[in-house]
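Engineer:
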Amino acid sequence: MVECFDFEAIAARYGDRIAIISQKQKVTYRELAELARKKSQKFHWNCPYVVLKGRQQLEFVVEFLAVHYAKRIPIVVNDFMMQHLEKTLEKIKGRWQLLGEKKENREQTTENNVLFLGLTSGTTGLAKVYCRNWISWKKGFVLCNECFGLESCENIATFSPMATSLGMHTLLLSLYLGKTMYLINKKNIFPDTDTSKTAIFAVPAFFEQKLSMVDWRNVNCLVLCGGILAENLLNKIQQQSGGTDVFEMYGSSETSLISWQKLNKEKKENCVGKPFAQVQFVCNQSSLIEVKSPYLFSGYLGCKAKETVVTSDIGEVKKGKVFIYSRQSEVIDHGGNKIFPSEIEKCLLRFVDEAVVFGVPDKKYGERIVALVVCEMTRKKIEQEADKLLEKYKKPQEYIYVSKIPVGPNQKISRLWLAQKYERGDLDEI
9 MVECFDFEAI AARYGDRIAI ISQKQKVTYR ELAELARKKS QKFHWNCPYV
59 VLKGRQQLEF VVEFLAVHYA KRIPIVVNDF MMQHLEKTLE KIKGRWQLLG
109 EKKENREQTT ENNVLFLGLT SGTTGLAKVY CRNWISWKKG FVLCNECFGL
159 ESCENIATFS PMATSLGMHT LLLSLYLGKT MYLINKKNIF PDTDTSKTAI
209 FAVPAFFEQK LSMVDWRNVN CLVLCGGILA ENLLNKIQQQ SGGTDVFEMY
259 GSSETSLISW QKLNKEKKEN CVGKPFAQVQ FVCNQSSLIE VKSPYLFSGY
309 LGCKAKETVV TSDIGEVKKG KVFIYSRQSE VIDHGGNKIF PSEIEKCLLR
359 FVDEAVVFGV PDKKYGERIV ALVVCEMTRK KIEQEADKLL EKYKKPQEYI
409 YVSKIPVGPN QKISRLWLAQ KYERGDLDEI
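Here it is in structure tokens:
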């Protein structure tokens with residue numbers, strides 16, 4: 009028998025514990041279940057799929073649970089995705105509806121273990137609709153609880169939008185473990201009591217922008233995932249965080265958990281830690297990481313699930329540790345030389361505050377190397393310092409000064425997205 013997501017059982021287990029804090033609202037597990045039941049009775053969804061706009065609000069959590077109470081499957085999207093639903097959901101045309109939309113013909117649904125449909129971040133190209141089942145995440149939640157020491161945390165929070173895999177993973181993790189999910193808004197970041205210990209799950213690039221807003225007295229645990237963790241950011245966190253346990257987690261929307269490591273000391277270059285239990289690495293003829301595990305997704309919409317997932321990350325496993333060098337789409341082909349952007353960024357970060365490197369089309373070299381930098385040094389001084397550390401063919405041909413590194417709609421740094429902005433003229437050299 010397939011195990012399905014059953015919030016009624018979760019609510020019965022945790023009862024009067026606080027499930028959600030959103031601004032001034034506090035809702036217990038029992039109250040949350042009642043709100044979801046009422047919402048499911050209010051709407052009479054006829055299609056098997058219901059589209060929800062993901063947001064860090066109590067109302068969204070109630071809507072998500074209500075769709076499950078109605079034995080429908082939520083499709084969680086953001087504002088941008090809302091504008092492209094017809095094309096994105098073409099494979100289930102006529103079988104989905106918006107939250108408040110009325111459809112005349114009711115389609116019977118059968119119980120299944122699909123938790124929700126989501127869209128990949130699109131950092132490696134066009135976003136895809138993926139299917140996430142309940143049991144794969146439930147197994148991973150048990151590991152997260154053990155590896156990150158979540159037993160000692162009362163609250164869980166994330167800066168990530170609910171339309172992202174990390175946002176949804178954090179929400180469901182909190183509910184499954186009986187924690188209080190603290191929904192972040194512009195006014196309140198974390199509980200303002202010293203006794204409420206919080207675990208934060210965050211994308212490194214976006215967390216850096218919020219660093220000054222964090223009250224570390226209330227943070228037991230910080231898990232950074234979903235993007236590159238630069239050494240200078242880790243240093244900032246370690247200087248400010250005091251006794252907070254800092255972890256790095258590696259995975260994707262499709263794979264969920266792959267590897268993890270505790271980072272209260274230094275981070276080994278390109279290392280993303282040791283594999284989670286039951287993660288197997290598959291040898292292939294490419295340099296891409298390929299995994300098999302119980303935490304894999306159920307396939308893309310309209311496609312069957314596969315036993316293994318090939319990521320878009322170039323890497324390897326050495327002595328039990330996973331090393332990631334670059335995304336396949338972000339390797340720069342400069343004059344026939346294959347260059348990992350991280351190689352150049354590592355050198356630049358010795359004398360600039362922040363740096364992101366990417367390639368753009370060039371008639372002579374194939375791709376030209378562009379560096380986005382945050383610093384007060386002159387270009388001449390940057391080039392002098394770079395000459396000492398970089399081989400000639402790895403030196404950026406162009407530097408663009410910015411006040412902060414732009415992040416995409418998913419709050420991640422995407423070199424592909426930055427290259428596209430550059431080609432449109434949205435990034436100007438200063």
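For the sequence shown, my numbering gives the first residue as 9, with consecutive numbering after it. Glycine included, every Cβ here is placed at the ideal spot set by N, Cα and C.
1. Given this structure, state the Cα-to-Cα distance separating Lys273 from Glu351, to the nearest angstrom.
2. Does the beta-carbon of Ile438 have 16 or more other beta-carbons within 10 angstroms, so that it is buried, or is it exposed?
3. Does DSSP put Phe15 in a helix, in a strand, or in coil?
4. Hey, how far is the Cα of His76 from the Cα of Ala41?
5. So what does Met189 bridge to, in DSSP terms?
6. Below 8 Å CB to CB, which residues in the same chain sit around Phe284 once its five sequence neighbours on both sides are set aside?
7. Taking the DSSP output, what are the residues bridged to Lys34?
8. Going by DSSP, which residues form a beta bridge with Asn345?
9. For Cys279, which option in Val365, Lys329, Gln286 has the closest C-alpha, if you only look at C-alpha atoms?
10. Taking C-alpha atoms, which residue in Tyr22, Glu262, Lys79, Phe209 lies nearest to Gly126?
11. Return helix, strand or coil for Gln269, following the three-state DSSP convention.
12. To the nearest angstrom, how far is it from the Cα of Met385 to the Cα of Val364?
13. Under DSSP, the alpha helix (DSSP H) around Ile245 begins and ends at which residues?
14. Using 10 angstroms around the beta-carbon of Met176, count the other beta-carbons present and answer buried if the total reaches 16, otherwise exposed.
15. Taking the continuous beta strand (DSSP E) assigned at Val122, which residues delimit it?
16. Three or more C-beta pairs under 8 Å: does that hold for the segment 325–343 against the segment 205–223?
17. Flag this pair as yes or no: are the beta carbons of Thr206 and Cys161 separated by less than 8 Å?
18. Work out the CA separation of Pro56 and Gln49 for me, nearest whole Å.
19. In the DSSP assignment, the beta strand (DSSP E) including Gly148 goes from what residue to what residue?
20. Here's the rule I'm using: 16 or more other beta-carbon atoms within 10 Å means buried, otherwise exposed. How should His52 be labelled?
21. Beta-carbon within less than 7 Å of Leu398's beta-carbon, same chain only, minus the 5 sequence neighbours each way: which residues are those?
22. For the alpha helix (DSSP H) holding Arg63, just list the boundary residues, first then last.
23. Please return the same chain residues whose Cβ sits closer than 7 Å to the Cβ of Arg38, not counting the five positions on each side in sequence.
24. In chain order, what are the residue ranges of uninterrupted alpha helix (DSSP H) at least 4 long that sit wholly in the segment 316–383?
25. Cβ of Cys233 within 8 Å of Cβ of Gly250?
26. Out of Gln246, Lys412, Gln286, state which residue places its alpha-carbon closest to the alpha-carbon of Lys270.
27. What residues in its chain sit with their C-beta under 8 Å from that of Gln33, if we drop five residues either side in the sequence?
28. Which two residues bound the contiguous alpha helix (DSSP H) that contains Gln105?
29. Name the one or two DSSP bridge partners that Cys139 has.
30. Based on the DSSP secondary-structure assignment, which residues constitute the bridge partners of Asp8?
31. Quick check on DSSP: helix, strand or coil for Phe51?
32. Within 10 Å of its beta-carbon, does Arg80 have 16 or more other beta-carbons around it, so buried, or fewer, so exposed?
33. Go ahead and label Val418 buried or exposed: buried means 16 or more other beta carbons lie within 10 angstroms of its beta carbon, across all protein chains shown.
34. At the level of alpha carbons, what is the spacing between Leu435 and Lys429?
35. Is the segment 180–190 in contact with the segment 79–94, if contact means three or more CB pairs nearer than 8 Å?
Structural biologist: On the basis of the coordinates in this document:
1. 22 Å
2. Unreliable placement is indicated for Ile438, whose pLDDT of 40 sits below 50; the coordinate value is still reported in the next sentence. Exposed, by the Cβ-count rule.
3. helix
4. 11 Å
5. Ile28, Ile164
6. Gly148, Leu151, Cys155, Leu265, Ile266, Ser267, Trp268, Ser301, Tyr303
7. Ile29
8. His342
9. Lys329
10. Glu262
11. strand
12. 16 Å
13. 239–249
14. buried
15. 122–127
16. no
17. yes
18. 16 Å
19. Run containing Gly148: none in the beta strand (DSSP E); it sits in the alpha helix (DSSP H), 142–155.
20. exposed
21. Ile352, Cys355
22. Unbroken run through Arg63: none, as it is neither H nor E.
23. Ala19, Gly23, Asp24
24. 349–356
25. no
26. Gln246
27. Leu66
28. Taken as a continuous stretch (DSSP letters only), Gln105 belongs to no alpha helix (DSSP H), being part of the beta strand (DSSP E) at 104–106.
29. Leu125
30. The structure shown does not extend to residue 8, since the chain spans only 9 to 438, so no value can be given for it.
31. coil
32. buried
33. Note that residue 418 is Asn in the sequence shown here, rather than Val. Asn418 is buried by the Cβ-count criterion.
34. 6 Å
35. no
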